[in-house]
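S.K.: Provided herewith is a single structure, encoded as structure tokens, for subsequent inquiry.
In the working numbering, the protein residues as written are 227 to 433.
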């Protein structure tokens with residue numbers, strides 16, 4: 227289903243989108259952006275949207291100026307008011323369509339900006355990761371170890387804190403947690419039970 231037809235600004239032939247898409251009743255910004263990204267980069271899409279947005283603003287001003295005199299004189303021309311109103315209904319309807327179209331284009335620009343910000347954030351994080359890996363021999367291992375510890379259940383993290391002193395190096399700590407993370411629950415409970423019992427015995431002797 228499409229909105230009532232009106233003469234939209236044509237725009238240059240180099241636009242990466244079909245301007246008639248904005249006139250569809252079921253127009254969806256996310257779908258529009260995703261479809262355009264199959265053909266062009268976000269930067270080019272944003273540039274074309276801004277260009278067409280400027281054309282819409284110019285068209286709106288021209289439309290208002292075209293019938294401005296009739297609109298101002300409407301209150302004094304009581305005779306034939308119905309005819310004058312009918313004459314104004316068409317341009318006013320077109321103005322409403324232009325405003326609605328401007329809103330759709332603005333949403334498209336905002337959606338593109340959001341995606342560009344996300345891409346920039348991912349790029350910055352990628353640079354940080356590369357710097358960590360290049361500056362520290364075990365940088366990648368440290369990152370993986372921290373992520374694995376987040377996935378280990380709470381009771382296993384408590385055990386790690388209790389028995390942490392018994393692990394002499396980062397490699398053994400990493401391998402220990404990595405192995406636990408891949409074990410099914412029944413298996414790592416069997417593995418950890420001796421350590422838990424040993425810790426309990428140490429605490430009783432301390433008392």
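Think of the CB as a built atom: it goes at the ideal place given N, C-alpha and C, for glycine as much as any other residue.
Here the structure is a predicted model, which means the values were calculated and not measured.
Assuming residue 328 contacts residue 277 (C-beta within less than 8 Å), just tell me the rounded distance between them.
M.R.: At roughly 13 Å, the Cβ-Cβ gap does not stay under 8 Å, so residue 328 and residue 277 are not in contact.
S.K.: Considering Cα atoms alone, identify which of 263, 286, 340 is closest to residue 323.
M.R.: The residue with the shortest Cα to Cα distance from residue 323 is 286.
S.K.: Decide if residue 320 is buried, meaning its Cβ has at least 16 other Cβ atoms within 10 Å, or exposed.
M.R.: Buried is the call here.
S.K.: Could you have a look at residue 230 and say whether DSSP puts it in helix, strand or coil?
M.R.: Interpretation of residue 230 is limited by its pLDDT of 49, a score under 50 that renders its predicted location unreliable; the figure taken from the coordinates is listed afterwards. The answer is coil: DSSP assigns residue 230 none of H, G, I, E or B.
S.K.: Beta-carbon within less than 8 Å of residue 331's beta-carbon, same chain only, minus the 5 sequence neighbours each way: which residues are those?
M.R.: For residue 331, where only same-chain residues beyond five positions count, the Cβ hits under 8 Å are 248, 275, 278, 279, 282.
S.K.: Quick one: using the 10 Å Cβ neighbour count with 16 as the cut-off for buried, is residue 353 buried or exposed?
M.R.: Classification for residue 353: exposed.
S.K.: Output needed for residue 339: all residues of its chain with C-beta closer than 8 Å, excluding positions within five of it in sequence on either side, in chain order.
M.R.: Closer than 8 Å at Cβ, skipping near neighbours: 272.
S.K.: Alpha helix (DSSP H) containing residue 257: first to last residue?
M.R.: Element bounds for residue 257: 255-263.
S.K.: Just reading off the alpha helix (DSSP H) that residue 274 is part of, what are its end residues?
M.R.: Per DSSP, residue 274 belongs to the alpha helix (DSSP H) from 268-292.
S.K.: Measure the CB-CB distance between residue 341 and residue 241 and report whether it falls below 9 Å.
M.R.: No.
S.K.: Restricting to Cα atoms, I'd like to know which of 251, 254, 234, 266 is closest to residue 243.
M.R.: Nearest of 251, 254, 234, 266 to residue 243, Cα basis: 266.
S.K.: Within 10 angstroms of the Cβ of residue 355, are there 16 or more other Cβ atoms? Answer buried if so, exposed if not.
M.R.: The residue is exposed, with fewer than 16 neighbouring Cβ atoms inside 10 Å.
S.K.: Leaving out five residues on either side along the sequence, give the residues of the same chain with a beta carbon under 6 Å from the beta carbon of residue 234.
M.R.: Closer than 6 Å at the Cβ level, and outside the excluded window around residue 234, lie 245.
S.K.: Roughly how many angstroms lie between the CA atoms of residue 343 and residue 257, to the nearest whole one?
M.R.: Each residue's Cα considered, the two are about 18 Å apart.
S.K.: CB-CB under 7 Å to residue 253, same chain, minus the five flanking residues each way: which ones, in chain order?
M.R.: Within the same chain, residue 253 has close Cβ partners 247, 330.
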